[in-house]
Amino acid sequence: SEIIAAIFRAPNEDHLDCLVGQALFGDGAAAIIVGSDPDLSMEHPLFEIVNATQTIIPNTENAMSLHLREEGLMFTLHRDVPKMISENIEDVLLQAISPFGLSDWNSLFWIVHPGGRAILDQVEVKLNLGKEKLRASRQMLSEYGNLASASVLFVMDEMRKKSIKEGKSTTGEGFDWGVLFGFGPGLTVETLVLRSLPANTSFTT
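Just so you know, the working numbering puts 193 at position 192 of the sequence shown, and the rest follows in order with no gaps.
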């Protein structure tokens, strides 16, 4: 769970940079069960984790931070964070996904941490993604804001539900392979390579 309201406070002319975080973030909680060798007679796995990587983007240690000050928790977000992420995202993704012979970004499903509209826009342009590829991330950002670590699970669940509603063959909008990535202070990018599983129409909520 993420209780971002804990960092909220009235505007302060000495710390106007904190307003971005307060406007962008929201509170949310999500949980997921990770296991192996599921009993398909009673369990309904949604995705298979195939690979996981963690990458720290060089020279970005001050791009995002949270410090305890006399005024309270101070969250700062550098204006170039979207650029920092978009300029490095292709190398980060290739590191995770190249062992599986996948290179067409539009043949994958995308579960992207909705850190902000600028980040989604720049990643979309950098990877030349179709407009529909980041739909779930954009919808969750619009409805709930940036829920920090809980965000990607909200996006994952939205994709799953929409896939079932539209009669797609898999939980990944009908695609077999996809990527999930989130980011945070560091700047650190966490990437999962996923395989989607057949959509289960009996499990829709």
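Ideal placement from N, C-alpha and C gives every residue a C-beta, glycine not left out. Source: prediction; values computed, not measured.
Restricting to Cα atoms, I'd like to know which of the options is closest to residue i.
i: G175; options: P199, S143, S152 and M75; result: P199
i: A32; options: L154, V194, T172 and F184; result: L154
i: L25; options: L69, S37, L95 and H114; result: H114
i: A64; options: R196, L148, P186 and S197; result: P186
i: L188; options: N107, N89, R136 and W106; result: N89
i: T54; options: T192, G102 and G183; result: T192
i: G179; options: M160, R70, G168 and R139; result: M160
i: D28; options: K163, R196, S150 and K169; result: S150
i: E91; options: L148, E133, Y145 and I58; result: I58
i: H45; options: S37, E14 and A119; result: S37
i: A30; options: R70, K166, T61 and S152; result: S152
i: N60; options: H79, L47 and M75; result: H79
i: S164; options: F48, S143 and P39; result: F48
i: S108; options: S42, D40, S66 and E133; result: E133
Quick test of your reading: residue i and residue j, contact by CB under 8 Å. State the CB separation rounded to the nearest angstrom.
i: T56; j: V190; result: 5 Å
i: I98; j: V124; result: About 15 Å separates the two Cβ atoms, so there is no contact after all.
i: F101; j: V194; result: 7 Å
Residues bridged to residue i by DSSP?
i: R196; result: E49 and W178
i: Q55; result: E191
i: F184; result: V190
i: L1; result: Lying outside 2 to 206, the shown extent of the chain, residue 1 is not represented and no answer is given.
i: T171; result: P199
For the beta strand (DSSP E) containing residue i, list its first residue and its last residue.
i: E113; result: The question names Glu, yet the displayed sequence has Val at residue 113. Note, V113: beta strand (DSSP E), F110 to V113.
i: M65; result: M65 to R70
Should residue i and residue j be called a contact, given that it needs their Cβ atoms to be closer than 9 Å?
i: M141; j: V126; result: no
i: G131; j: V82; result: no
i: T171; j: S197; result: yes
i: F182; j: L94; result: yes
i: L128; j: W106; result: yes
i: G173; j: F110; result: yes
Which two residues bound the contiguous alpha helix (DSSP H) that contains residue i?
i: M85; result: V82 to I98
i: I33; result: Where I33 is concerned, there is no enclosing alpha helix (DSSP H), given that its DSSP letter is neither H nor E.
i: K132; result: Taken as a continuous stretch (DSSP letters only), K132 belongs to no alpha helix (DSSP H), as it is neither H nor E.
i: E159; result: S152 to K166
i: M141; result: R136 to Y145
i: E44; result: Counting along the chain, E44 falls outside any alpha helix (DSSP H), and DSSP gives it neither H nor E.
i: A105; result: Rather than Ala, the amino acid found at residue 105 in this sequence is Asp. Careful: D105 lies outside any alpha helix (DSSP H) and carries neither H nor E.
i: A119; result: R118 to K127
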